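Novice: Residue numbers (the numbering used here), protein chains in the order written: chain A, 3 to 273; chain B, 1012 to 1298.
Using N, Cα and C, we set each Cβ at its ideal position, and we do this for glycine too.
Owing to the predicted nature of the structure, the values given are computational and were not obtained by experimental measurement.
The structure under discussion is supplied below as structure tokens; questions concerning it will follow.
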């Protein structure tokens, strides 16, 4: 159950998307997330969907993995869609019952919302599937580096993110180990009311906290021993370089933006 | 007599249903008799820890069954719960599971979960602490103020206090210095003579197993490779070496002496070796 978490999961591959510069991927994904909300007509939305499917195919990430990233959000998607059906009104009314109204605009909004969320999730999970967590935080560090002007320690933030991601699987393993040990002493974790259950968490979380602090100290020692002093004057073994393929991708996404704007302009806005 | 723990045809897969599916243990049949001390040895990844996690139902077998005291533990919720108390499982590095404010309360965690009356809990805590060698003055301290070895003892006492019929210890001496190791092995021996309980010890260390176990079970590649008295198992030293295991150093020396034509018995501990040498010189042999 705990090991089902798929945040920051990387899918090993060698596709065009895998080889792209992480910084460019980050910027383009951000741009795409904005484009999804620019779509106003069915045609521009369809263009976005087609592009997303195309990106999935290019990444060579199996469809099963993509579906796995949408699955946990299924209820949220359904909830938003249902809310939008009844809360947005306008256009032809199909059905009315007390204060509930089913209108054309409501249905359109619901469809748009559902599709937008799915596209959002798929595109951002493509980013994590094709980029290793290390490269991802590296990219964030580079992209945020202008902020050092305001005395924000970007390197420290990025290092913290890398370490946090690195320790998720370790902590999951640790929790399972401690849970087993306490279960062996007769702890009941899955029965009882809310209070009993939260009380049952104490024997899990106290040792977890203790060992997390121990790990943090050990890690800090190990880093100090290897002369880690923060970001100042630090160079890198692997330099990030923009290659032609990154510009091709950027061009492609720009063309997509143009397409969305043109389609929005020529076809009726439905929401 | 019904065996203390019996597993029949036990199989457990990891990553079940994916293409990486592997059997952590494969069709294992094992009977642990009441009152005996069984040593389980095996290379890293041979399935030792997976096997013992079935003894109290922490892991559910994919095939086969586990019987504690002649009863299938997965029969109902109640039998499963009872098996947790009948089979006391103490994991590797148990000191990392301490959590209570005082050592006393931590040792009392198991008995408290058994819903025993307060005076019985107290009696059990004091008995277990005595057997595990937890000092009286430490009982009211926070477990986090103890030294590493003391924490280990307190954690083992936390399992002993449930007074299980079978005590399972996974690498109880891991990470201790030689003196601590010896003390711990002696503590287990004393526990056994005092309670007459069945004890199962998982270890890498051939020396430790040789000095306490009545029988030794060797796991290799998810299956039982050997099962017998230490004498029977350790005489097959070449096979053991192929499995990445080793017989005790002293046994190795004596086996070599034998091959050279010296008439010496098989020994597993230094004390036995010393006695054997004394016998040899007494008998007039002066090679």
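With 8 Å as the C-beta to C-beta threshold (strictly closer), list the residues of the region 169-199 of chain A near chain B in chain order.
Specialist: 179, 180, 182, 183, 184, 185, 186, 187, 188, 189, 190
Novice: What residues match up with residue 98 of chain A in a beta bridge as DSSP calls it?
Specialist: A/103
Novice: Using CA atoms only, rank isn't needed, just tell me which of A/195, A/235, A/146, A/209 is closest to residue 173 of chain A.
Specialist: A/209
Novice: Can you give the Cα-Cα distance for residue 4 of chain A and residue 203 of chain A, rounded to whole angstroms?
Specialist: Model confidence at residue 4 of chain A stands at a pLDDT of 46, short of 50, so the residue's coordinates are unreliable and nothing is read from them.
Novice: To which residues of the same chain is residue 1113 of chain B closer than 8 Å at the C-beta, ignoring the five residues directly before and after it?
Specialist: 1150, 1151, 1152, 1153, 1154
Novice: Please report whether the beta-carbon of residue 1042 of chain B lies at a distance below 9 Å from any beta-carbon of chain A.
Specialist: no
Novice: Starting from residue 1189 of chain B, find everything on chain A with Cβ-Cβ shorter than 9 Å and list it in chain order.
Specialist: Residues of chain A passing the Cβ test: none, with the nearest at roughly 25 Å.
Novice: For residue 1020 of chain B, which residues of its own chain have a beta-carbon under 7 Å away from its beta-carbon, when the five flanking residues on both sides are left out?
Specialist: 1038, 1040, 1074, 1075
Novice: Which two residues bound the contiguous alpha helix (DSSP H) that contains residue 1222 of chain B?
Specialist: 1217-1223
Novice: My parser needs the beta strand (DSSP E) runs of 3 or more residues fully inside the region 115-154 of chain A; what are they?
Specialist: Not a single unbroken stretch of the beta strand (DSSP E) spanning 3 or more residues falls wholly within the region 115-154 of chain A.
Novice: Tell me the DSSP bridge mates of residue 1042 of chain B?
Specialist: The bridge partners DSSP lists for residue 1042 of chain B are B/1017.
Novice: For residue 213 of chain A and chain B, any beta-carbon pair shorter than 9 Å?
Specialist: It does: the Cβ of residue 213 of chain A has a partner Cβ on chain B nearer than 9 Å.
Novice: How far does the alpha helix (DSSP H) with residue 1278 of chain B in it extend, from its first residue to its last?
Specialist: Per DSSP, residue 1278 of chain B lies in no alpha helix (DSSP H) segment and is marked neither H nor E.
Novice: Can you give me the start and stop residues for the beta strand (DSSP E) that residue 1237 of chain B sits inside?
Specialist: Unbroken beta strand (DSSP E) run through residue 1237 of chain B: 1234-1239.
Novice: Along the region 128-139 of chain A, where does the CB come closer than 7 Å to a CB of chain B? Name the residues.
Specialist: Within the region 128-139 of chain A, no residue has a Cβ that lies closer than 7 Å to any Cβ of chain B.
Novice: State yes or no: is the beta carbon of residue 1289 of chain B nearer than 9 Å to at least one beta carbon in chain A?
Specialist: Not one chain A Cβ lies under 9 Å of residue 1289 of chain B.
Novice: Against chain A, does residue 1092 of chain B count as a neighbour if the rule is that its beta carbon must be under 9 Å from one of theirs?
Specialist: yes
Novice: Given a threshold of 16 other Cβ atoms within 10 Å of its Cβ, counted over all protein chains shown, does residue 1161 of chain B qualify as buried or as exposed?
Specialist: With 16 or more Cβ atoms within 10 Å of its Cβ, residue 1161 of chain B is classed as buried.
Novice: Distance, Cα to Cα, residue 136 of chain A vs residue 1031 of chain B?
Specialist: Approximately 26 Å between the Cα atoms of the pair.
Novice: Chain B partners of residue 109 of chain A, CB-CB under 9 Å?
Specialist: Within chain B, no residue comes near residue 109 of chain A; the closest Cβ sits about 40 Å away, beyond 9 Å.
Novice: Tell me the rounded alpha-carbon separation between residue 221 of chain A and residue 1119 of chain B.
Specialist: 34 Å
Novice: Roughly how many whole angstroms lie between the Cα atoms of residue 1091 of chain B and residue 1012 of chain B?
Specialist: 22 Å
Novice: Taking the C-alpha atoms as reference points, what is the distance between residue 166 of chain A and residue 197 of chain A?
Specialist: 30 Å
Novice: Spell out the partners DSSP gives residue 1004 of chain B in its beta bridges.
Specialist: Residue 1004 of chain B is absent from the structure shown; chain B starts at 1012 and stops at 1298.
Novice: Assuming residue 1226 of chain B is part of the alpha helix (DSSP H), what are its boundary residues?
Specialist: Per DSSP, residue 1226 of chain B belongs to no alpha helix (DSSP H); it is in the beta strand (DSSP E), 1226-1231.
Novice: Have a look at the DSSP bridge pairing and note the partners of residue 1083 of chain B.
Specialist: Per DSSP, the beta-bridge partners of residue 1083 of chain B are B/1078.
Novice: State the Cα-Cα distance for the pair residue 1268 of chain B and residue 1237 of chain B, rounded to the nearest angstrom.
Specialist: 25 Å
Novice: So which of B/1224, B/1082, B/1257 has the shortest CA-CA distance to residue 1046 of chain B?
Specialist: B/1224
Novice: Just checking my contact of residue 1121 of chain B with residue 1198 of chain B at CB under 8 Å: how many whole Å lie between their CB atoms?
Specialist: Going by Cβ atoms, the distance from residue 1121 of chain B to residue 1198 of chain B rounds to 18 Å, so no, they are not a contact pair.
Novice: Could you tell me the distance, in whole angstroms, from the CA atom of residue 1099 of chain B to the CA atom of residue 1142 of chain B?
Specialist: Their Cα atoms are separated by approximately 15 Å.
Novice: Between residue 1273 of chain B and residue 1265 of chain B, what straight-line distance do the alpha-carbon atoms span, to the nearest angstrom?
Specialist: Taking the straight line from one Cα to the other gives about 9 Å.
Novice: Is DSSP giving residue 1037 of chain B helix, strand or coil here?
Specialist: strand
Novice: With contact counted as at least three CB pairs below 8 Å, one residue from each stretch, are the region 42-50 of chain A and the region 70-79 of chain A in contact?
Specialist: no
Novice: Could you work out which residues of chain B lie near residue 204 of chain A, taking near to mean beta carbons separated by less than 8 Å?
Specialist: Neighbourhood of residue 204 of chain A in chain B, by CB distance below 8 Å: 1110, in chain order.
Novice: Run through DSSP, which three-state label would residue 13 of chain A get?
Specialist: coil
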